[in-house]
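Colleague: Residue numbers (this note's numbering), protein chains in the order written: chain A, 1 to 337; chain B, 1001 to 1337.
My questions will all concern the structure given below.
There are 2 protein chains.
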Amino acid sequence: MKQLAVTLNHGSGGGMSRELIDTLFKKYFNNPVLNEMNDAAVLELSSKKIAFTTDSFVVRPLFFEGGDIGKLAVCGTINDLAAMGAKPVGITAAFILEEGLEMAILENVVRSMKETADQAGVSIVAGDTKVVERGNADGVFITTSGIGVIPDGLNIGGAMARPGDVIIVNGPIGCHGAAVITAREELGFKTRVRSDVAPLNKLIENMLRVTDKIHVMRDATRGGLATVLNEIALQSRVDIEVHERQIPIEDSVRGVCELLGLDPFYLANEGRIAAFVHESEANQLLEEMKNNEYGKEAQIIGRVVDNSSKPMVILKTAGRGSRVLDILAGEPLPRIC
Amino acid sequence: MKQLAVTLNHGSGGGMSRELIDTLFKKYFNNPVLNEMNDAAVLELSSKKIAFTTDSFVVRPLFFEGGDIGKLAVCGTINDLAAMGAKPVGITAAFILEEGLEMAILENVVRSMKETADQAGVSIVAGDTKVVERGNADGVFITTSGIGVIPDGLNIGGAMARPGDVIIVNGPIGCHGAAVITAREELGFKTRVRSDVAPLNKLIENMLRVTDKIHVMRDATRGGLATVLNEIALQSRVDIEVHERQIPIEDSVRGVCELLGLDPFYLANEGRIAAFVHESEANQLLEEMKNNEYGKEAQIIGRVVDNSSKPMVILKTAGRGSRVLDILAGEPLPRIC
């Protein structure tokens, strides 16, 4: 009979580990490289310049409106690669499972990973599974890593922002953070916000096709838009100015933030990038972004003002004042991704 | 004042996350690629054919004779790459930390990772840190991923074993499993076995220099030597014969196994590979292996007997009998790596 829950034996490296691989991981992730089942996947790349990244995912709860830990784990790694201008080639997935986890839950997570990877056109080429005793982990943690090839001549990075660059985001911010919060039953929200979690590699491919003047792209995940803008300001040694009125925020996200005393600029996104582009190409880029399903609501939100020895992000508020948008201080939201 | 324990704030993506990165991860792993601090590390490879692998490490306890979870995490990934004939280029490290973990423990783990990576000549090029609430993880889990370049013309894999191939292991088996068991205080062992955990990439580089007739190499980790021999037999569709008398096992490991009713053939190793080489080159390869610190006690342990539609691993016992060495059945040892 098929096992209904994860046991320690599934992590032993023996017969039950193999059964789990065959009946679950290979069933869904099925591809020639994974099926080789060697110590490492062997890949032939189209370029010698690559991007390489890793992220662990510990989101709680595992399922939320618009996504789940599996979709998140695949998108997170794809978006980190794409933000560097890389075309994702392969992803690995390492699972830490808690003894007693229902197999049906794991299967839903794995199916979601497969669907997301297919949508993005990326294969899951290697993996690992460990099982820890009941009470020593929280259901399932997933670590994904990925590699992507970087086209010749591309040079995107956090230190490349220049005065005059225009900043574009591809849609409303804070949805993912609000989605996870409203999915937490203990908080008693009746309406749930839908996460923005999405694979952005195809959007970004199209963006790179219309202009070679994108200097920085960054995935606005943990710490939100405010944090990534600060990181980029610091790395590039520039002052940044953004306009509150131009930053798209959904009413539902505003509502959650008001109730809980949170600031949407610091809420996590899992399908939002900030792109810094030379001002001469900004409108053309914006139009291109709007043609993609994940860029429909793209907006120009601000610009790089000047070089600076004391880099700062200034928010021009709706009431014509301004305030410094600092890096995240105060209490964090744990387990948001 | 410096924080003495991990807090949820260290996983927020904000100021304390950055402090942890600056004062711990960058301090030890310090290298130009990591220091770029982009969404992904950018690497220039020497070849377009690569190996790519991932593993999570959940060993309990975190420290044992001869190693710790950090050394294990680095060696595990390096050895998976090296076993495919790849030269490791870069490693990523993703940490899942439990709130309350002592910072001094984390620092010891990180220092150990750095020392091991240096010894192997490999850089840690990207990373991630998540923190989960107290009681939702067991101290620290580490997931490492790695990429390595595969030299032209090399074709090593589990399906390449051929009749006549000789099987060599690079030293005594079962030490890692026995080391972790004897480090568990609840079991009350007075003498501790020393783990074999080691980076094998330099040994393997030398092996590949003396012969191009190595058909299979595999890291005998979870499930032990018996499991990897079975995996290779199945992938290559061959029967394998090994000789008990020729398989090196330390007395201390035998002692632990006798006490606990374990079989050393199924104990995990973290610095042992099984290499399958054409018989004409076996002695030359063995001599070369003995010149390396991790190959001093290398031994020929058996051979591939024949092609087979029902692949099997036969152990010729010391008493001149023989038994089938099947894949791991019965109770596993949880959290051994």
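We treat Cβ as the ideally placed atom computed from N, Cα and C, and that holds for glycine.
For Gly1177 (chain B) and Leu1262 (chain B), what's the separation of their Cα atoms in angstroms?
Modeller: So the alpha carbons of these two residues sit roughly 10 Å apart.
Colleague: In angstroms with no decimal places, state the Cα-to-Cα distance between Met1 (chain A) and Arg18 (chain A).
Modeller: Unreliable placement is indicated for Met1 (chain A), whose pLDDT of 42 sits below 50; the coordinate value is still reported in the next sentence. In a straight line, the C-alpha of Met1 (chain A) is about 16 Å away from that of Arg18 (chain A).
Colleague: Buried or exposed: which applies to Leu200 (chain A), given that a residue is buried once 16 or more other Cβ atoms fall within 10 Å of its Cβ?
Modeller: Label assigned to Leu200 (chain A): buried.
Colleague: Is the CB of Pro32 (chain A) under 8 Å away from at least one CB in chain B?
Modeller: Chain B, which has no Cβ nearer than 8 Å to the Cβ of Pro32 (chain A), makes this no.
Colleague: Verify the CB distance criterion: does Glu133 (chain A) have a CB-CB separation below 8 Å to chain B?
Modeller: It does: the Cβ of Glu133 (chain A) has a partner Cβ on chain B nearer than 8 Å.
Colleague: For a contact defined as C-beta to C-beta under 8 Å, what are the partners of Glu65 (chain A) on chain B?
Modeller: Those do not exist, as Glu65 (chain A) stays about 22 Å from chain B at its closest Cβ, beyond 8 Å.
Colleague: Taking only beta-carbon positions, decide if Met1001 (chain B) is within less than 8 Å of chain A.
Modeller: Caution is warranted here: a pLDDT of 42 is assigned to Met1001 (chain B), below 50, making its placement in the model unreliable, and no coordinate value can be reported.
Colleague: May I ask you to list the residues that DSSP assigns as paired with Lys1087 (chain B)?
Modeller: Answer is B:Val1149, bridged to Lys1087 (chain B).
Colleague: Could you give the uninterrupted runs of the alpha helix (DSSP H) lying entirely in the region 1067 to 1150 of chain B, keeping only those of 4 residues or more?
Modeller: Segments of the alpha helix (DSSP H) lying fully in the region 1067 to 1150 of chain B: 1069 to 1083, 1103 to 1120.
Colleague: Is Pro1334 (chain B) close to chain A, meaning its C-beta is less than 8 Å from at least one C-beta of that chain?
Modeller: Output row for Pro1334 (chain B): interface = yes.
Colleague: Buried or exposed for Leu187 (chain A), please, with buried defined as at least 16 other CB atoms from any protein chain shown within 10 angstroms of its CB.
Modeller: Flag for Leu187 (chain A) reads exposed.
Colleague: With 16 other CB atoms within 10 Å as the buried threshold, where does Asn1038 (chain B) fall?
Modeller: Under this definition Asn1038 (chain B) is a buried residue.
Colleague: Could you name the residues of chain A that Val1109 (chain B) contacts, counting a contact when the two beta carbons are closer than 9 Å?
Modeller: Result: empty, since nearest Cβ-Cβ is about 15 Å, beyond 9 Å.
Colleague: Buried or exposed: Asp1080 (chain B), going by 16 or more other Cβ atoms within 10 Å of its Cβ?
Modeller: Classification for Asp1080 (chain B): buried.
Colleague: Under the assumption that Leu1328 (chain B) contacts Ser56 (chain A) (Cβ atoms under 8 Å), give the Cβ distance between them as a whole number of angstroms.
Modeller: That pair is no contact at about 28 Å.
Colleague: Smallest Cα separation from Phe52 (chain A): which of B:Ser1322, B:Thr1092, B:Lys1049?
Modeller: For Phe52 (chain A), the nearest C-alpha among the options comes from B:Thr1092.
Colleague: Is the beta carbon of Glu231 (chain A) less than 8 Å from the beta carbon of Gly153 (chain A)?
Modeller: Cβ distance not < 8 Å, so Glu231 (chain A) and Gly153 (chain A) don't count as in contact.
Colleague: Going by C-alpha distance, which of B:Gly1171, B:Gly1148, B:Val1149 is nearest Gly1271 (chain B)?
Modeller: Here the closest residue by C-alpha is B:Gly1171.
Colleague: When the Cα atoms are used, what is the spatial distance from Val1242 (chain B) to Tyr1266 (chain B)?
Modeller: Distance between the alpha carbons of Val1242 (chain B) and Tyr1266 (chain B) is about 14 Å.
Colleague: How many angstroms separate the CA atom of Arg1254 (chain B) from the CA atom of Ile147 (chain A)?
Modeller: Approximately 43 Å, taken between the alpha carbons.
Colleague: Residues of the region 140 to 172 of chain A with a CB closer than 7 Å to any CB of chain B: list them in chain order, please.
Modeller: The residues in question are Phe141, Thr143, Ser145, Ile147, Ile150, Gly157, Gly158.
Colleague: Can you check which of these residues, A:Thr116, A:Ser145, A:Ile168, A:Ile105, is closest to Gly139 (chain A) by C-alpha distance?
Modeller: Looking at the Cα atoms, A:Ile105 is the closest of the given residues.
Colleague: Enumerate in chain order the residues of its own chain whose CB-to-CB distance from Ala226 (chain A) is below 6 Å, with the five nearest sequence positions on each side excluded.
Modeller: Hits under 6 Å: Phe265, Tyr266, Leu325.
Colleague: Contact criterion: CB-CB distance below 8 Å. Does Gly1295 (chain B) meet it with respect to chain A?
Modeller: So no, Gly1295 (chain B) is outside the interface.
Colleague: Would you call the region 1216 to 1226 of chain B in contact with the region 1095 to 1114 of chain B, where contact means no fewer than 3 C-beta pairs closer than 8 Å?
Modeller: Verdict: no, contact absent.
Colleague: So for Phe1064 (chain B), helix, strand or coil by DSSP?
Modeller: Residue state, collapsed to three classes: strand.
Colleague: At the level of alpha carbons, what is the spacing between Ala83 (chain A) and Ile273 (chain A)?
Modeller: If you take the alpha carbons of Ala83 (chain A) and Ile273 (chain A), they lie about 8 Å apart.
Colleague: Which runs of the beta strand (DSSP E), 3 residues or longer, sit entirely within the region 244 to 268 of chain A?
Modeller: Correct list: empty.
Colleague: Output yes if chain A places a C-beta closer than 8 Å to the C-beta of Lys1130 (chain B); else output no.
Modeller: Yes, Lys1130 (chain B) lies at the interface with chain A (some Cβ there is under 8 Å from its Cβ).
Colleague: Is it the case that the Cβ atoms of Ala1041 (chain B) and Ala1117 (chain B) are separated by a distance below 8 Å?
Modeller: Cβ distance not < 8 Å, so Ala1041 (chain B) and Ala1117 (chain B) don't count as in contact.
Colleague: Going by DSSP in three states, Lys290 (chain A) sits in which element: helix, strand or coil?
Modeller: Residue state, collapsed to three classes: helix.
Colleague: Would you mind stating whether Ala275 (chain A) and Ile168 (chain A) have Cβ atoms separated by less than 8 Å?
Modeller: Contact flag set, yes.
Colleague: Which residues of the region 83 to 94 of chain A have a Cβ closer than 7 Å to any Cβ of chain B? Give them in chain order.
Modeller: Against chain B - using a Cβ distance shorter than 7 Å - the residues of the region 83 to 94 of chain A are Ala83, Met84, Ala86, Gly90, Thr92, Ala94.
Colleague: Using the Cα positions of Asp1068 (chain B) and Val1180 (chain B), report the straight-line distance between them to the nearest angstrom.
Modeller: Answer to the nearest angstrom: the Cα atoms are 9 Å apart.
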